[in-house]
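What follows is a single structure, written as structure tokens, with notes after it.
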Amino acid sequence: MNLQIELYKFQQESLKRSSPERAAIFSDFIQGLSEEFRNRRLLRIGDFAPDFTLKNTKGETIILSEQLKTGPILLKFFRGYWCPYCGLELRAYQKVVNKIRALGGTILAISPQTLVASQKTIDRHDLTYDLLSDSGFQTAQDYGLVFTVPDAVKQIYLQSGCVIPEHNGTEEWLLPVPATFVIDRRGHIALAYANVDFRVRYEPEDAIAILLSLFVGN
Numbered sequence: 004m005n006l007q008i009e010l011y012k013f014q015q016e017s018l019k020r021s022s023p024e025r026a027a028i029f030s031d032f033i034q035g036l037s038e039e040f041r042n043r044r045l046l047r048i049g050d051f052a053p054d055f056t057l058k059n060t061k062g063e064t065i066i067l068s069e070q071l072k073t074g075p076i077l078l079k080f081f082r083g084y085w086c087p088y089c090g091l092e093l094r095a096y097q098k099v100v101n102k103i104r105a106l107g108g109t110i111l112a113i114s115p116q117t118l119v120a121s122q123k124t125i126d127r128h129d130l131t132y133d134l135l136s137d138s139g140f141q142t143a144q145d146y147g148l149v150f151t152v153p154d155a156v157k158q159i160y161l162q163s164g165c166v167i168p169e170h171n172g173t174e175e176w177l178l179p180v181p182a183t184f185v186i187d188r189r190g191h192i193a194l195a196y197a198n199v200d201f202r203v204r205y206e207p208e209d210a211i212a213i214l215l216s217l218f219v220g221n
């Protein structure tokens with residue numbers, strides 16, 4: 004099934020359980036974030052991808068520039084294991100992980116959550132690709148994705164028992180905008196996709212098409 008169809012179905016079910024006030028808060032949040040990001044200079048196709056050094060759940064150090072020596076990278080930024088939309092996305096990419104590896108590619112998924120939370124994510128969704136912890140938000144900052152959770156949205160999360168700083172091992176209410184990048188072996192960005200609407204994600208098959216174009220180009 005198309006990932007966006009799955010996400011849309013979940014969104015519609017969530018709206019049935021949600022109050023009009025809550026739905027309005029999230030609508031205003033997305034609109035405000037859209038205006039904020041409109042004024043940012045985001046990474047584009049052809050830009051060099053900022054290098055990073057992060058830990059995976061095995062305690063191994065993952066360096067982007069070193070990983071690129073083995074092939075292109077499909078880089079995901081997600082919010083955390085508490086986010087059901089992220090869970091749907093991560094599982095969708097797990098379904099195509101062998102296709103991506105067959106093209107010489109590697110999936111790396113980055114979130115601000117702790118390594119313990121990342122391992123919970125792997126266990127919950129049976130993932131076989133690396134989740135990396137960007138606990139200080141430096142990598143997400145370098146990619147231009149970080150924002151502060153507004154108070155109204157913060158209160159909704161708190162009411163549902165979701166204390167985001169606890170998941171991230173920090174005191175700050177920060178999150179990255181979900182994003183997908185494809186980075187070729189030279190470090191150039193071949194795909195740059197970020198959407199402030201956390202309910203919309205990049206389709207796995209479309210990402211594979213970008214990877215295939217790199218493979219054919221070589």
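The sequence shown lines up with residues 4 to 221 when you count with this note's numbering.
A virtual CB, placed ideally from N, CA and C, is assigned to each residue, including glycine.
Around the beta-carbon of Tyr11, fewer than 16 other beta-carbon atoms lie within 10 Å, marking it exposed. Around the beta carbon of Ser138, 16 or more other beta carbons lie within 10 angstroms, which makes this residue buried. Shown here, Phe184 sits in a strand according to DSSP, grouped into three states. Residue pairing for Ala193: DSSP places it in no beta bridge. Three or more Cβ pairs closer than 8 Å define a contact, and the stretch 189 to 204 falls short of that threshold against the stretch 156 to 167.
Distance between Ala182 and Glu92, taken at the CA atoms: about 11 Å.
In the structure shown, Asn5 adopts coil according to DSSP, grouped into three states. The residue from Arg202, Phe218, Leu130, Glu206 with its alpha-carbon nearest to that of Glu16 is Arg202. DSSP places Phe150 within a strand segment (E or B) once states are collapsed to three.
For Thr131, there is no enclosing alpha helix (DSSP H), since its DSSP letter is neither H nor E. Within the same chain, and ignoring the five residues on either side of Ala120 in sequence, the residues whose Cβ sits closer than 6 Å to its Cβ are Tyr84, His170. Ile48 carries a coil assignment under DSSP once its states are collapsed to helix, strand and coil. Sorting Leu77, Phe150, Thr117, Asn42 by C-alpha distance to the C-alpha of Thr109 places Leu77 at the top. Shown here, Pro168 sits in a helix according to DSSP, grouped into three states. Val199 places its beta carbon less than 7 Å from that of Val180. Annotation: the continuous alpha helix (DSSP H) that includes Thr142 extends over 141 to 145. Between Leu148 and Thr60, the beta carbon gap of about 21 Å keeps them out of contact (Cβ cut-off 8 Å).
Minimum Cα-Cα distance from Gly49 among the listed residues Phe55, Ile186, Arg204 corresponds to Ile186.
If you ignore the 5 residues before and after Leu18, its C-beta comes within less than 8 Å of the C-beta of Ala26, all in its own chain and listed in chain order.
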